[in-house]
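In my numbering, the protein residues as written are 31 to 148.
Glycine included, C-beta positions come from ideal geometry on N, C-alpha and C.
The structure displayed is predicted, hence computed values, not measured ones.
Here is the structure:
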């Protein structure tokens, strides 16, 4: 937007979406989104279309705002959700869609290993 080039070693995950912001035809960003928690625990989420893969390195769901009995509920290392049918992320479908789980796991693992996504 300001006409400056981005150095190759800066903004490791940034992508120019100014075309979309400025209303240019056929402008778009990337086709996926990666989320990481606020620590170094390695909990990640990958969203591609209607699919969302979660990776829990600590393998526990912890939330101090819920009842104590839920605070230590074990969860799978990976979970897969079909957001088109389950927007509340209540039903893990990784066993029902092993190929999709494998493909998204590979994509997330590669992005984490690269340390950047652009």
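Cβ neighbours of residue 112 within its own chain (closer than 7 Å, five residues either side excluded): 80, 81 and 123.
Excluding five sequence positions before and after residue 72, the CB atoms of its chain that fall closer than 6 Å to its own CB belong to 87, given in chain order.
For residue 51, the enclosing alpha helix (DSSP H) begins and ends at 48-51.
For residue 136, the enclosing alpha helix (DSSP H) starts and ends at 128-144. The residue from 57, 52, 83 and 53 with its alpha-carbon nearest to that of residue 65 is 83.
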